[in-house]
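Report on the following structure.
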Amino acid sequence: QQEKNLSNKKVLITAGPTQEAIDPVRFISNHSSGKQGYAIAKAAKELGADVTLVSGPVSLPPVDGVHTIPVTTALDMFEVMKEEAQKADYIVMAAAVADYRPAKVASDKIKKTKEETQIEMVPNPDILAWIGQHKQENQIVCGFAMETKDLDKNAQEKCIRKNCDLLIANNLKVEGAGFQTDTNVVTLVSKNTLKHLPKCTKEELGFLILRTMKEIEEGKSLC
Ligand code: C5P
């Protein structure tokens with residue numbers, strides 16, 4: 178039984194992938210399972226927080242006692258987050274938001290031909306960067322970064338650029354880290370510190386992230 182030390186906190190979490198429609202039957206997405214975001218939501222609930230989970234399409238069961246708002250596209254997620262962020266004390270952005278979406282969604286199924294074809298893509302808004310820019314006083318924001326090289330350097334730059342208090346960096350190429358696994362191997366990154374952690378379960382990492390956010394709020398540094 179965990180001590181309910183987040184009982185006065187509102188925690189807002191994003192999880193899962195987004196799906197960006199090409200036509201009524203096809204979409205562009207990624208391999209995110211939603212496991213890490215759901216594990217954080219579960220941990221926050223166990224710690225007594227009032228939890229809202231904004232979830233892309235996943236095949237995980239809902240978390241008991243957590244207010245879950247389902248979304249499909251990055252634009253849907255952005256609209257919900259602009260609203261919900263105003264009420265949150267802690268925000269954890271674990272979703273793998275698609276960076277681009279098709280410029281046009283065809284209203285009918287695109288017919289197959291023998292020709293090469295191209296899909297024009299436009300960038301999606303960076304939701305975490307928006308949250309960082311509009312961060313309220315006392316709000317603690319945690320982002321994620323998945324990289325395949327120069328992890329520490331890229332993650333720290335990302336933490337600064339997106340104005341996060343904490344960034345959870347993982348390298349997709351390390352065994353036991355990444356999308357479909359139940360474990361993760363991460364580095365906790367702040368604007369001026371880096372802390373490499375040993376492999377842990379996504380559940381354990383959920384509690385650790387929330388504890389670290391509380392410590393940051395209390396003015397402690399990561400080391
Ligand atoms: O820049 P990059 O996609 O690596 O950043 C990852 C972090 O930014 C994650 O926390 C993810 O949830 C968030 N993100 C976002 N909106 C995007 C892209 C990423 O909120 N369009």
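The C-terminal position of the sequence shown is numbered 400 in UniProt numbering, with every residue numbered one higher than the one before it. Virtual Cβ for every residue (Gly too), placed ideally from N, Cα, C.
According to DSSP, Pro300 sits in a beta bridge with which residue or residues? Paired residue(s): Tyr277.
State the CB to CB distance for the pair residue 137 and Gly355, rounded to an integer number of angstroms; the pair is presumed to be in contact (CB under 8 Å). The chain is shown from 178 up to 400; residue 137 falls before or after that span and cannot be answered.
By DSSP, does Asp359 sit in helix, in strand, or in coil? Coil at Asp359, not helix or strand.
With hydrogens ignored, establish whether the beta-carbon of Asp285 is closer than 7 Å to any heavy atom of the ligand C5P. Result no, Cβ not under 7 Å from the ligand C5P.
Tell me the rounded alpha-carbon separation between Leu374 and Thr364. A straight line joining the alpha-carbon of Leu374 with that of Thr364 spans about 6 Å.
Contact with chain D by Gln196, beta-carbon distance below 8 Å: Looking for chain D here will not work: only one protein chain is present.
Span of the beta strand (DSSP E) holding Leu230? Segment Asp227 to Ser232, the beta strand (DSSP E) holding Leu230.
Alpha carbon to alpha carbon, how far is Ile337 from Gln310? Give it in angstroms, no decimals. Taking the straight line joining both Cα atoms gives about 11 Å.
Could you tell me which uninterrupted beta strand (DSSP E) segments, each at least 3 residues in length, are contained entirely in the stretch 191-225, listed from first to last along the chain? As for any beta strand (DSSP E) of minimum length 3 sitting wholly inside the stretch 191-225, the runs are 197-200 and 203-205, ordered along the chain.
Whole-angstrom distance between Gln295 and Leu237, CA atom to CA atom: About 33 Å.
Starting from Gly320, follow the alpha helix (DSSP H) in both directions and report where the run begins and ends. Run containing Gly320: none in the alpha helix (DSSP H); it sits in the beta strand (DSSP E), Ile317 to Glu324.
Beta-bridge pairing of Ala346 - partner residues as DSSP gives them: Under DSSP, Ala346 shares a beta bridge with Ala322 and Thr364.
Within the continuous alpha helix (DSSP H) that includes His257, where are the two ends? One detail in the question is off: residue 257 reads as Val in this sequence, not His. Bounds of the alpha helix (DSSP H) holding Val257 are Ala251 to Glu261.
The ligand C5P heavy atom lying under 7 Å from the CB of Leu230: For the ligand C5P, not one heavy atom lies less than 7 Å from the Cβ of Leu230.
Buried or exposed for Val240, going by 16 or more other Cβ atoms inside 10 Å? Answer is buried; the Cβ neighbour count reaches 16.
Buried/exposed call for Ile359, threshold 16 Cβ in 10 Å: This sequence places Asp at residue 359; Ile is not what is there. Per the 10 Å Cβ criterion, exposed.
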